[in-house]
Structure formats: C-alpha cells, structure tokens
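**Student:**
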C-alpha cells in the first residue's frame with residue numbers, strides 16, 4: 001500500500017481491517033516522523049532481479065476506482081489497461097488543436113482516487129506533456145491565487161466550483177484573465193449558471209460527460225461551440241457507440257431515454273459484484289448508464305437527470321436537476337438540491353428543495369413563500385415544490401462534487417417520521 005504521511009493513520013487502519021501487515025505500507029512524499037513505516041526511497045531496486053510481469057491489456061485491471069455512490073453505496077469499477085489507454089486517446093482527440101504543451105498550464109485539485117481527478121490531473125497531462133500544478137486540497141482563494149500567479153490557462157472543475165466562481169465575493173479579488181477555458185463535468189450545468197460565470201469572468205466554460213465505468217470520458221463539448229450549445233455536454237468521443245432506450249426500445253432523435261454506451265473504454269465489471277455487473281452490462285457489451293437524456297439532429301447530447309433521481313409525482317416525471325438549475329438563478333439561493341419525498345396522504349412523491357441561503361437573506365416563511373411564487377411562474381404545475389422548502393447550512397456532496405441525494409433523502413424521511421410522530425400526540 002502506498003500513501004502519504006497525511007493519510008498514514010487511515011492507511012494503517014485500512015491495512016489492519018484488510019488483514020495486511022503495516023510493514024507493507026510505503027510512504028511517498030514526507031517521511032514518517034515516528035519511523036514506523038518505510039519510505040519509498042529506502043527501497044533498493046535491482047532491475048536485474050525483477051521479472052517483467054506479463055499483462056493482458058484487455059483483461060488485467062489497471063485501476064480499481066469507486067463510483068460516487070450518490071444514490072446508493074459505491075461500487076468497485078474494474079478498469080483494464082485497454083480501457084485506460086483507449087480513453088486517454090479518445091479524450092485527447094476531442095481537444096485536438098486546442099491545447100499546446102508548450103504554453104498551456106493546468107491546475108488540479110480534484111481527488112486522484114476519483115476517476116475524473118485521475119484522468120485530468122495525472123493521465124492526460126503525462127500523455128500530452130502539459131504542465132500541471134497540483135493542489136493538495138480545494139480552497140477557492142488558493143485556486144484563484146494559483147491561477148493568477150502561475151498564469152493557468154485551463155481548469156477542470158465541478159459544478160459546486162462553478163457556483164462559487166459565479167457567486168463568491170472573494171473571486172473578484174483575483175486576476176483570472178489567463179484562463180482560456182473552464183471544463184466542467186460530474187453533473188449537468190444549466191444555461192443560467194454558465195451565463196452567470198461568463199458574465200462575471202468573461203471566461204468560456206464547456207461541459208463534458210463521463211463516468212467511472214467509461215474510464216471516464218464519453219462526451220465532450222467543442223471549444224468552438226461552447227456558446228452555441230449551452231446545456232449540451234457535447235458530442236460523442238471517437239470509437240464509441242450510444243443509444244437512448246425507453247421501455248426496452250431505442251428512441252429516435254430528440255426523444256428522451258436512458259443512455260446506453262459501448263466502446264473500448266467501457267469497464268469489464270464491478271469488483272466482487274456479479275449481480276450489479278449483470279444488471280448493468282448486457283451480452284453485447286452495452287452499459288446502461290442510468291442517466292437520462294437525448295441526442296439532437298446535430299449529434300449534440302443532452303443529459304437531463306439520473307433514472308434513480310427522477311421524482312415520480314402522480315405519474316409525471318420531475319427532474320431534480322432542472323429545478324435546481326432554475327432555483328440557482330434566484331438571488332437568495334447560494335446552493336440547492338431537490339429530492340423526492342413520499343407522501344402517505346397523497347400516495348406519491350413530492351419534490352422538496354433543500355436550500356443554502358446567500359449572505360444577507362433570512363430563512364423565514366416570507367422568503368419561502370417568495371421563492372415558491374418566483375419558481376411557479378417558470379415551471380409546469382406538476383413540477384411545483386409540493387414537498388416544501390427546507391433551509392440548511394450545506395448541501396452534502398461527494399469529493400467529486402456530486403450531490404449526495406441519498407443523504408438528503410434519508411434526512412427527508414426522518415423529517416417526515418418526526419412530523420408523523422408529532423401529529424399522533
């Protein structure tokens with residue numbers, strides 16, 4: 001096991017849980033101040049005593065990464081050497097002619113144990129020969145300072161960071177004019193949010209779509225079309241096939257369905273979980289992503305939500321991402337997540353918004369009523385927040401920036417149970 005001294009105690013605990021001796025732990029970076037475990041520099045390497053390992057690129061696992069677990073528990077995704085190499089080449093082809101290793105400088109703050117951070121902070125820069133500045137952890141002002149001081153030109157980000165760049169007052173204290181492009185993945189961005197960032201920074205922001213099971217890149221927006229296709233995640237990477245499926249049948253252009261993908265970058269299965277593998281990968285190699293969307297006549301792909309996250313209200317399907325995108329445009333809303341709350345009285349799910357307020361706003365019944373009225377003018381009646389609005393301090397998110405809806409769903413369930421308990425008193 002290789003780790004850093006900052007994570008040493010966690011690594012020791014993990015080793016003990018796995019039945020592995022702690023003398024198998026190797027440190028990179030700083031030395032262990034207690035001298036309990038070995039530093040990599042103390043290991044002697046005799047190339048003549050090492051036998052080269054035979055690798056089957058199509059079968060042998062290069063990385064075991066874990067899915068985000070936004071709606072359920074994370075699963076170990078087995079990515080082969082073929083998967084990884086194929087995707088590095090696929091994604092590089094999408095940016096061909098747009099990036100120059102001699103002049104472009106990247107900054108990375110995404111966790112490298114997550115496939116997005118691994119791909120954009122390690123694999124792509126090494127292959128392309130790009131200069132990469134690595135941050136130990138994300139801090140908004142540290143990121144802005146790094147961009148300003150090092151003249152960073154390309155930044156890979158996630159929606160929560162897009163939101164901070166659009167609304168946080170500290171951003172105005174820095175010169176971010178060196179940035180040529182922001183690239184956001186992990187969750188869909190709305191037109192309102194893209195417009196907010198561009199209006200404030202005058203920096204283009206394009207989108208991409210990927211997932212752990214695809215190593216991770218699937219779709220990417222063109223640098224030249226970021227403005228004309230806002231809302232789209234772009235076009236399909238080379239050497240891949242896609243289809244949108246509803247009720248077992250492929251749907252035509254412009255019709256919504258679940259996205260299925262196939263290609264050399266699609267994983268071999270979930271570690272020690274044959275049931276989940278069989279449910280996700282069919283005999284022909286098609287992977288059911290669980291994401292809802294469509295493709296238009298110009299081959300632009302749109303992701304609208306997750307199958308498991310859609311709220312079923314009286315037979316209608318309500319997409320949380322759409323409501324969240326609209327609510328973020330309200331001046332009082334600093335962050336938001338929408339989940340479905342089952343109502344025993346109505347025997348259906350009701351959309352509920354959990355809102356983090358912007359500075360200067362008071363959480364009270366009047367503001368709640370104002371937000372309801374503001375939103376109702378923009379949506380169909382069945383999409384209204386009949387489950388109510390709750391004001392909270394922070395939206396729970398994964399390290400990759402995805403909303404942990406299962407945490408909020410559990411919170412909503414507890415709130416309803418408490419409410420039912422009070423009504424019986």
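Numbering (the UniProt record's numbering), first residue to last: 1 to 425.
Glycine included, each C-beta is placed from N, C-alpha and C at the ideal position.
To test your reading of the DSSP string, which unbroken beta strand (DSSP E) runs of 3 or more residues are found completely within the segment 161-209?
**Tutor:** 181-184
**Student:** Under 8 Å, with one C-beta from each stretch per pair, do the segment 220-233 and the segment 200-209 reach the 3-pair mark?
**Tutor:** yes
**Student:** Let me make sure I understand the geometry here. Which of 276, 53 and 342 has the alpha-carbon closest to that of residue 417?
**Tutor:** Here residue 417 refers to the residue found at position 417 when the chain shown is read from its first residue. It is 342.
**Student:** Does residue 449 pass the burial test, meaning 16 or more other C-beta atoms within 10 Å, or should it be called exposed?
**Tutor:** Summary: the structure shown does not reach residue 449, with the chain confined to residues 1 through 425, and so no result is reported for it.
**Student:** Between 383, 269 and 43, which has its C-alpha nearest residue 339's C-alpha?
**Tutor:** Translated into the one-based positions of the chain shown, residue 339 becomes position 339. Ranking 383, 269 and 43 by Cα distance to residue 339 puts 383 first.
**Student:** Please list, in chain order, all residues of the same chain as residue 190 whose beta carbon is under 6 Å from its beta carbon, the five residues on each side excluded.
**Tutor:** Along the chain shown, one-based indexing puts residue 190 at 190. Excluding residues within five positions, the ones whose Cβ falls inside 6 Å are 325.
**Student:** Helix, strand or coil: which one does DSSP assign to residue 394?
**Tutor:** Position 394 of the chain shown, counted from the start, is the residue given in the question as residue 394. Correct three-state label for residue 394: coil.
**Student:** Classify residue 226 as helix, strand or coil using the three-state DSSP reduction.
**Tutor:** Counting from 1 along the chain shown, the entry for residue 226 is found at position 226. Residue 226 falls in the coil class under three-state DSSP.
**Student:** Among the candidates 131, 333, 14 and 256, whose CA atom is the shortest distance from the CA of residue 310?
**Tutor:** For the purposes of this step, residue 310 is identified with residue 310 of the chain shown, where counting begins at 1. Between residue 310 and the set 131, 333, 14 and 256, the nearest pair of CA atoms involves 256.
**Student:** Does at least one heavy atom of the ligand SAM sit under 7 Å from the Cβ of residue 231?
**Tutor:** Among the components modelled here there is no ligand, and therefore nothing to report on the ligand SAM.
**Student:** Give the DSSP-derived three-state secondary structure of residue 351 in the structure shown.
**Tutor:** Reading the chain shown from its first residue, position 351 is the one you call residue 351. Correct three-state label for residue 351: strand.
**Student:** Taking the alpha-carbon positions, what's the residue 169 to residue 197 distance?
**Tutor:** Looking up residue 169 in the chain shown gives position 169. Looking up residue 197 in the chain shown gives position 197. Residue 169 and residue 197: Cα-Cα distance of roughly 13 Å.
**Student:** Roughly how many angstroms separate the alpha carbons of residue 392 and residue 58, rounded to a whole number?
**Tutor:** Residue mapping note: residue 392 aligns to position 392 of the chain shown, counting from 1. Residue mapping note: residue 58 aligns to position 58 of the chain shown, counting from 1. The alpha-carbon atoms of residue 392 and residue 58 are separated by roughly 47 Å.
**Student:** Can you tell me which of the three DSSP states residue 359 falls into?
**Tutor:** Numbered from 1 along the chain shown, position 359 holds the residue referred to as residue 359. Coil at residue 359, not helix or strand.
**Student:** If I follow the unbroken beta strand (DSSP E) through residue 241, where does it start and stop?
**Tutor:** For the purposes of this step, residue 241 is taken as residue 241 along the chain shown, with counting starting at 1. 241-246 is the span of the beta strand (DSSP E), which, as asked, contains residue 241.
**Student:** If residue 4 and residue 29 are in contact, beta carbons under 8 Å, what's the gap, nearest whole angstrom?
**Tutor:** Taking the first residue of the chain shown as 1, we reach residue 4 at position 4. Taking the first residue of the chain shown as 1, we reach residue 29 at position 29. Yes, they are in contact, since the Cβ atoms of residue 4 and residue 29 sit about 5 Å apart, within 8 Å.
**Student:** Indicate whether the contact test is met: 3 or more Cβ pairs, each with one atom in the segment 241-261 and one in the segment 287-303, closer than 8 Å.
**Tutor:** yes
**Student:** Buried or exposed: which applies to residue 96, given that a residue is buried once 16 or more other Cβ atoms fall within 10 Å of its Cβ?
**Tutor:** The sequence position of residue 96 within the chain shown is 96, counting from 1. Classification of residue 96: exposed, given that the 10 Å Cβ count is below 16.
**Student:** Any idea if residue 101 is buried or exposed, counting beta-carbon neighbours within 10 angstroms, 16 or more meaning buried?
**Tutor:** The count along the chain shown starts at 1 and reaches residue 101 at position 101. Label assigned to residue 101: exposed.
**Student:** Could you pull out every unbroken alpha helix (DSSP H) segment of at least 4 residues lying fully inside the segment 60-114, listed in chain order?
**Tutor:** 81-94
**Student:** Hey, residue 150 and residue 105 are a contact pair by Cβ (cut 8 Å); roughly how many whole angstroms apart?
**Tutor:** Counting from one through the chain shown, the residue named residue 150 turns up at place 150. Counting from one through the chain shown, the residue named residue 105 turns up at place 105. Residue 150 to residue 105, Cβ: 6 Å. Contact.
**Student:** Is it a yes or a no for the segment 159-168 touching the segment 124-137, going by three-plus beta-carbon pairs under 8 Å?
**Tutor:** no
**Student:** For residue 304, report the span of its beta strand (DSSP E) as first-last.
**Tutor:** Along the chain shown, read from residue 1 onward, the residue named residue 304 stands at position 304. It spans 301-306 - the beta strand (DSSP E) in which residue 304 sits, taken as one unbroken run.
**Student:** Identify whether residue 213 lies in helix, strand or coil by the three-state DSSP scheme.
**Tutor:** As a first step, residue 213 must be located in the chain shown, where it is residue number 213. Residue 213: helix per DSSP, three-state reduction.
**Student:** Does the Cβ-Cβ distance between residue 214 and residue 400 come in under 8 Å?
**Tutor:** Residue 214 sits at position 214 when you count from the first residue of the chain shown. Residue 400 sits at position 400 when you count from the first residue of the chain shown. Not closer than 8 Å, so no.
**Student:** Would the beta-carbon of residue 296 fall within 8 Å of that of residue 253?
**Tutor:** Within the chain shown, residue 296 is the residue found at index 296, counting from 1. Within the chain shown, residue 253 is the residue found at index 253, counting from 1. Yes. Within cutoff.
**Student:** Assess, as a yes-or-no matter, whether the segment 265-283 is touched by the segment 320-335 under the definition of 3 or more beta carbon pairs within less than 8 Å.
**Tutor:** no
**Student:** Report the three-state DSSP secondary structure of residue 258 (helix, strand or coil).
**Tutor:** Taking the first residue of the chain shown as position 1, residue 258 is located at position 258. Strand at residue 258.
**Student:** Would you decide whether residue 376 is buried or exposed? Buried here means 16 or more other CB atoms lie within 10 Å of its CB.
**Tutor:** For the purposes of this step, residue 376 is identified with residue 376 of the chain shown, where counting begins at 1. When all chains shown are included, residue 376 counts as exposed.
**Student:** Give the straight-line distance between the Cα atoms of residue 268 and residue 175, rounded to the nearest whole angstrom.
**Tutor:** In the chain shown, counting from the first residue as 1, residue 268 sits at position 268. In the chain shown, counting from the first residue as 1, residue 175 sits at position 175. Answer to the nearest angstrom: the Cα atoms are 44 Å apart.
**Student:** How far does the alpha helix (DSSP H) with residue 370 in it reach, from first residue to last?
**Tutor:** Residue mapping note: residue 370 aligns to position 370 of the chain shown, counting from 1. Counting along the chain, the alpha helix (DSSP H) containing residue 370 begins and ends at 365-376.
**Student:** Evaluate residue 173 with the Cβ neighbour count: other Cβ atoms within 10 Å of its Cβ, from every protein chain shown; 16 or more gives buried, anything less gives exposed.
**Tutor:** Position 173 of the chain shown, counted from the start, is the residue given in the question as residue 173. It is exposed - the Cβ of residue 173 has fewer than 16 other Cβ atoms within 10 Å.
**Student:** Report yes if the C-beta distance between residue 118 and residue 65 is below 8 Å; otherwise report no.
**Tutor:** In the chain shown, the residue the question calls residue 118 occupies position 118. In the chain shown, the residue the question calls residue 65 occupies position 65. Yes.
**Student:** Kindly list the residues whose CB is nearer than 7 Å to the CB of residue 184, restricted to its own chain and excluding five residues on each side of it in sequence; keep chain order.
**Tutor:** If you number the chain shown from 1, residue 184 lands on position 184. Contacts found: 157, 158, 159, 162, 205 and 207.
**Student:** Would you please state the rounded distance, in angstroms, between the beta carbons of residue 81 and residue 55? I believe it to be under 8 Å.
**Tutor:** As a first step, residue 81 must be located in the chain shown, where it is residue number 81. As a first step, residue 55 must be located in the chain shown, where it is residue number 55. Right, their Cβ atoms sit about 6 Å apart.
**Student:** Under three-state DSSP, which class holds residue 232?
**Tutor:** Numbered from its first residue, the chain shown carries residue 232 at position 232. In the structure shown, residue 232 sits in coil (DSSP, three-state: anything other than H, G, I, E or B).
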